[in-house]
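There are 2 protein chains.
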Amino acid sequence: MSNPTAAMIVIGDEILSGRTRDSNMHHLAGQLTEAGIDLQEVRMIGDVRETIIGAVQAMSATYDYVFTSGGIGPTHDDITADCIAAAFGVSIDVRDDARAVLAEHYAKSGTELNTARLRMARIPAGADLIDNPVSAAPGFKLENVHVMAGVPSVFTAMVASVLPTLTGGAPLISKTLRIERGEGDIAGPLGALADAFPLLSMGSYPFQKDGKYGAHIVIRGNDVDQIDDALAQLEAAFS
Amino acid sequence: MSNPTAAMIVIGDEILSGRTRDSNMHHLAGQLTEAGIDLQEVRMIGDVRETIIGAVQAMSATYDYVFTSGGIGPTHDDITADCIAAAFGVSIDVRDDARAVLAEHYAKSGTELNTARLRMARIPAGADLIDNPVSAAPGFKLENVHVMAGVPSVFTAMVASVLPTLTGGAPLISKTLRIERGEGDIAGPLGALADAFPLLSMGSYPFQKDGKYGAHIVIRGNDVDQIDDALAQLEAAFS
Chain V
-4 MSNPTAAMIV IGDEILSGRT RDSNMHHLAG QLTEAGIDLQ EVRMIGDVRE
46 TIIGAVQAMS ATYDYVFTSG GIGPTHDDIT ADCIAAAFGV SIDVRDDARA
96 VLAEHYAKSG TELNTARLRM ARIPAGADLI DNPVSAAPGF KLENVHVMAG
146 VPSVFTAMVA SVLPTLTGGA PLISKTLRIE RGEGDIAGPL GALADAFPLL
196 SMGSYPFQKD GKYGAHIVIR GNDVDQIDDA LAQLEAAFS
Chain H
-4 MSNPTAAMIV IGDEILSGRT RDSNMHHLAG QLTEAGIDLQ EVRMIGDVRE
46 TIIGAVQAMS ATYDYVFTSG GIGPTHDDIT ADCIAAAFGV SIDVRDDARA
96 VLAEHYAKSG TELNTARLRM ARIPAGADLI DNPVSAAPGF KLENVHVMAG
146 VPSVFTAMVA SVLPTLTGGA PLISKTLRIE RGEGDIAGPL GALADAFPLL
196 SMGSYPFQKD GKYGAHIVIR GNDVDQIDDA LAQLEAAFS
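From first to last, the protein sequence lines stand for chains V and H.
Counting in the working numbering, the first sequence runs from -4 upward without gaps.
Counting in the working numbering, the second sequence runs from -4 upward without gaps.
Structure below.
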């Protein structure tokens, strides 16, 4: 039985222009791997309605879980929630449960819950809210799509809220061997090893640091005994 | 006249598993923006033949320029070059010009140009080589697809080799105004401003730091006078 699959959509012109360096993808990738969920594709796209709708529809149909980041704030360029509703053909409006969360949060600081802030209570019909312990404005889950904020501290908190609700698989086990030889010397024995262990995935990641060079060989799989066996054979080949 | 468009494909299981944090996307994004080329989509995918071929075909047909990173080393998991050849239906083999580059490089260090290293001289028919001043093994350009290494120092050097060969557009000008008000207070005036300047793109990026909070409003476009005009109106609205 293979693990559940996942995809992520990173939404925001500021990522594509190079103004902002995304960190949410790397965070989610690590969390999903630990949970035994295979992140298979990430798309980074701009704040463009048809592009967002198309990506959501394509990835929701292909993967078990989809996660989005970005575009759920109060300003005019925050169009993600409306696009998700359109992608699934459901209505969207200010919803009482989300409005109540915002009203309580802003009442504490004496901040007016104005029209712009109320935009953040616009939730597609049928969606479940995702808790935001950082700044209140909720994310939401519709079908298999989890819609979360782009601000890293909020995204991280939302991922923590969502993870316990997902059905994970066998956690991917990963072990690394550092070999101080050129990749060109490692490639032959490593290729033969990969053929001998078809259920394991083996990657070679070269490094060059402090005058030393070589590669980190990462062996991944679900069966720790097989991984240890392969690792021992690799170590023997280069000792 | 609108600017040329671009897409990037980041290839590698290590990115999707969270083992490695990609930095090439952010680098390329900044470089393309400076050159007046609009990066419109990034896909991050694993070392999977059909996935790579599909992404290359789709993005090559959609965008003016495509850039890939990763998967052109000497090990068995480096399958990008073969996938590019397959995507365009051309043959691939060790090519004399690429072999000569490698032979000269390895001769200097007395390293054997073995079968694994020779894989890095496998270049699709009809492709132009991309110079690699860091570690010799070349990238290549086939049709509108620029195939580059995943190792950041090599990727960066290859981007520098490629950029002068691209036809850029009007560089995107971007100016930022820091407003120490909640995004919910900024949203109304900002939305009205965005309506009044349809040729400019305006983004709001909230921050919270050292007890202060607010948003950076970024106004982007090709006409500096319009940007300055919009910026002045925004500043007036919050002074």
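Here a beta-carbon is modelled for each residue, glycine too, at the ideal position from N, C-alpha and C.
If we count Cβ pairs, one from each stretch, closer than 8 Å, do we get three or more for the stretch 104 to 118 of chain H versus the stretch 150 to 160 of chain H? Because the criterion of three Cβ pairs below 8 Å is not met, the stretch 104 to 118 of chain H and the stretch 150 to 160 of chain H do not touch.
For H:H100 versus V:R16, is the C-beta distance shorter than 8 Å? Against a cut-off of 8 Å, the Cβ pair of V:R16 and H:H100 comes out as no contact.
Confirm, please, whether the CB-CB distance from H:I67 to H:R44 is below 8 Å. No.
Same chain, Cβ closer than 8 Å to V:D72, five either side skipped, listed in chain order: D8, D42 and G66.
Based on the DSSP secondary-structure assignment, which residues constitute the bridge partners of V:K204? Beta-bridge pairing links V:K204 to V:K207.
Neighbourhood of H:I10 by C-beta distance below 6 Å, restricted to the same chain and skipping five residues each side: So the qualifying residues of the chain are D17 and M39.
Under 9 Å Cβ-Cβ, which residues of chain V neighbour H:R38? Those within 9 Å of H:R38 in chain V are E36, V37, R38 and M39.
Whole angstroms are fine: how far does the CA of H:D126 sit from the CA of V:F202? So the alpha carbons of these two residues sit roughly 20 Å apart.
Decide if H:R176 is buried, meaning its Cβ has at least 16 other Cβ atoms within 10 Å, or exposed. Counting Cβ neighbours within 10 Å, H:R176 comes out exposed, since fewer than 16 surround it.
Check whether the Cβ atoms of V:S55 and V:A144 lie closer than 8 Å to each other. The criterion of a C-beta distance shorter than 8 Å is not satisfied by V:S55 and V:A144.
Provide the residue(s) that pair with H:P128 in DSSP beta bridges, ordered along the chain. Answer is none; H:P128 lacks a bridge partner.
If I follow the unbroken beta strand (DSSP E) through V:F135, where does it start and stop? G134 to L137 is the extent of the beta strand (DSSP E) around V:F135.
Please compile the residues from chain V whose C-beta is within a distance smaller than 9 Å of the C-beta of H:T15. The contacting residues are H21 and Y200.
Whole angstroms are fine: how far does the CA of H:L137 sit from the CA of H:V85? In a straight line, the C-alpha of H:V85 is about 10 Å away from that of H:L137.
Below-8 Å beta-carbon distance, V:A182 vs any chain H residue: Taking Cβ atoms only, chain H reaches closer than 8 Å to V:A182, which makes this a yes.
Considering V:Y60, what are the terminal residues of the beta strand (DSSP E) in which it resides? For V:Y60, the uninterrupted beta strand (DSSP E) run begins and ends at Y60 to S64, by DSSP.
Identity of the residues DSSP links to H:A254 by a beta bridge: The structure shown does not extend to residue 254 of chain H, since chain H is modelled only from -4 through 234, so no value can be given for it.
7 Å Cβ cut-off: residues of chain H touching V:P69: Ordered by position in chain H, the residues that pass the 7 Å Cβ test against V:P69 are E178, G179 and A182.
Classification of H:V219 by the beta-carbon crowding that lies within 10 angstroms, buried from 16 upward: When all chains shown are included, H:V219 counts as exposed.
Per the contact definition of three or more C-beta pairs closer than 8 Å, is the stretch 166 to 181 of chain H in contact with the stretch 220 to 230 of chain H? They touch, by the three-pair rule.
Residue range of the alpha helix (DSSP H) that includes V:T151: From DSSP, the alpha helix (DSSP H) with V:T151 extends over P147 to V157.
V:M197 at chain H interface by Cβ criterion, 8 Å: Yes, contact with chain H.
Quick one: which chain H residues come within Cβ less than 8 Å of V:E9? Neighbours of V:E9 on chain H, chain order: G198, Y200 and V213.
For V:T28, count neighbouring Cβ atoms within 10 angstroms of its own Cβ and tell me buried if that reaches 16, exposed if not. It is buried - the Cβ of V:T28 has at least 16 other Cβ atoms within 10 Å.
V:V146 touches chain H at which residues, Cβ-Cβ below 7 Å? From the beta-carbon of V:V146, the residues of chain H found nearer than 7 Å are P201.
On the CB-based measure, 16 or more other CB atoms within 10 Å of its CB, does H:S236 come out buried or exposed? For chain H, the structure presents residues -4 to 234; residue 236 of chain H sits outside this window and is missing.
Would you identify the three-state DSSP class for H:L161, choosing helix, strand or coil? Assignment of H:L161 by DSSP, reduced to helix, strand and coil, places it in the coil class.
With a Cβ-Cβ cutoff of 8 Å, do V:P(-1) and V:Y60 count as a contact? Yes, Cβ-Cβ distance for V:P(-1) and V:Y60 is below 8 Å.
Look at the Cβ atom of H:A1, then the Cβ atom of H:I48, and state whether they are nearer than 8 Å. The answer is no: Cβ separation not under 8 Å.
On the three-state DSSP scale, how would you describe H:R173? It is a strand residue.
Identify whether V:G179 lies in helix, strand or coil by the three-state DSSP scheme. It is helical.
Which residues of chain H have a Cβ atom closer than 7 Å to the Cβ of V:D205, listed in chain order? Neighbours of V:D205 in chain H, taken as residues at a C-beta separation under 7 Å, are lacking, since the least C-beta distance is about 14 Å.
Chain H contacts made by the stretch 63 to 95 of chain V, where a contact means CB separation under 7 Å: Legend: CB atoms of the stretch 63 to 95 of chain V lying less than 7 Å from CB atoms of chain H belong to residues G68, P69, T70, H71 and D72.
Every unbroken alpha helix (DSSP H) inside the stretch 72 to 109 of chain H [4 residues or more]: Taking only runs of at least 4 residues, the alpha helix (DSSP H) segments lying wholly in the stretch 72 to 109 of chain H are 75 to 83 and 91 to 104.
Proximity to V:A24 [Cα-Cα], best of V:A50, V:L167, V:N139 and V:V89: V:A24 has its Cα closest to that of V:L167, out of V:A50, V:L167, V:N139 and V:V89.
Partners in chain V for H:S55, counting only beta-carbon separations shorter than 8 Å: Below the 8 Å Cβ cutoff, chain V contributes no neighbours of H:S55, its closest Cβ being approximately 16 Å away.
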